Each structure stands twice: as structure tokens, then as C-alpha cells.
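Q: My questions will all concern the structure given below.
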Amino acid sequence: MAIELPDEFKTAINNSLTDGCPIIWTSTGADGQASLGFFGTTQAYSDHELAIWMRNANRGFLARIEDNPKVAMMYRNGPARLAFQIHGEARRVDDPAVKKHVYDASPEVEQKADADRLGTAVIVEISRVIQRGAVIMARDGDTGTAD
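Taken in order, the sequence shown gives residues 296 to 442; the numbers are from the working numbering.
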């Protein structure tokens with residue numbers, strides 16, 4: 296099956312910070328240690344990609360995805376009764392047009408935190424979407440599970 300992120304999920308992701316439901320990301324470096332972080336700039340970039348604006352181009356997340364591009368994120372909005380995970384492969388993008396698009400689509404509070412646009416963009420190609428313990432979408436050829 297192919298990935299086509301539903302509009303409900305895209306809206307939830309794009310509004311996560313203002314809704315008080317910041318998205319948690321995990322990445323794992325070469326040493327095997329997982330690391331968690333909240334990224335308020337997470338946004339739907341396409342039907343099968345997410346984007347993140349990294350305010351600091353020297354963040355550990357960027358170093359970890361160079362060693363191991365596999366990442367996961369979790370979204371949960373209790374009052375809306377909506378929760379899901381997304382697994383994917385992340386890459387740093389320094390293309391000026393992509394960076395501008397991702398920065399401009401970020402929440403204003405996040406833009407103000409990097410008014411000089413010193414950060415960079417990350418694009419995540421979605422591998423699978425998990426909801427209620429089941430894989431509900433997977434990239435063609437993805438054999439991963441919900442575990």
C-alpha cells in the first residue's frame with residue numbers, strides 16, 4: 296500500500312503546537328542511544344512527507360540522522376481522541392527554496408525564535424503510519440510492524 300496521509304492527520308500535525316499537543320520525535324545515533332525531542336515546527340510537507348524546521352543547524356538530531364536516518368514521531372490529542380505514530384527516514388535539506396517553504400509554514404512563535412533563519416530544514420519520507428497498535432499505511436516495500 297502507498298502512503299497518503301489523510302487530511303485529518305495533516306491538519307492535526309500542522310496545528311499541533313497551537314493545539315497544545317507538540318509532537319515528540321525520536322532518533323538514534325551511531326552509539327545506539329535513542330533521543331527524544333519536541334519539535335513545534337513539525338508540518339505536513341506532502342501526502343507522504345513531513346518537514347521540521349531546525350532552528351539550530353548544529354542540533355544533535357541532525358547529527359543522529361546522518362548516522363541513522365530512521366526516525367519516529369508521536370502525536371496525541373486527548374480531547375480530540377486522536378493519536379498516531381509515524382515512522383520514516385529523515386534527511387537534512389539545505390536547498391534554499393525548501394528551507395524557505397518549511398520556515399514560512401512554521402508557527403510564528405517558532406519563526407520568532409529563529410528570526411535570522413539560521414536553521415535548516417529536515418524532510419521525513421514516511422515509511423509507515425501506526426494507529427491503535429496497527430499499521431494503517433505503509434510505503435510500498437516496507438515490511439515493518441507496529442511494534
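The C-beta atom is built at its ideal place from N, Cα and C for all residues, glycine as well. No experiment lies behind these values; they were computed from the predicted model shown.
1. Terminal residues of the continuous alpha helix (DSSP H) containing ILE308?
2. Going by DSSP in three states, HIS396 sits in which element: helix, strand or coil?
3. Roughly how many whole angstroms lie between the Cα atoms of SER341 and HIS396?
4. Distance check for ILE425 and ILE431, CA to CA, integer angstroms please.
5. Suppose you measure from the CA of LYS394 to the CA of PHE334; what does that come to, to the nearest Å?
6. Using alpha carbons as the reference points, say which of ASP362, LEU345, PRO374 and SER311 lies closest to ARG423.
7. Using CA atoms only, rank isn't needed, just tell me which of THR440, SER401 and ALA329 is closest to PRO364.
8. Sorry if obvious, but does the Cβ on ILE381 come closer than 7 Å to a heavy atom of the ligand NAP?
9. Distance check for CYS316 and LEU377, CA to CA, integer angstroms please.
10. So, with DSSP's three-state summary, where would you put GLY355?
11. Quick one: grab the DSSP three-state call for GLU420.
12. For ILE347, which of helix, strand or coil comes out of DSSP?
A: Result, derived from the coordinates:
1. 302–309
2. helix
3. 12 Å
4. 6 Å
5. Those two C-alpha atoms are separated by around 16 Å.
6. LEU345
7. ALA329
8. Although the ligand NAP was asked about, the structure shown includes no ligands whatsoever.
9. 11 Å
10. helix
11. strand
12. strand
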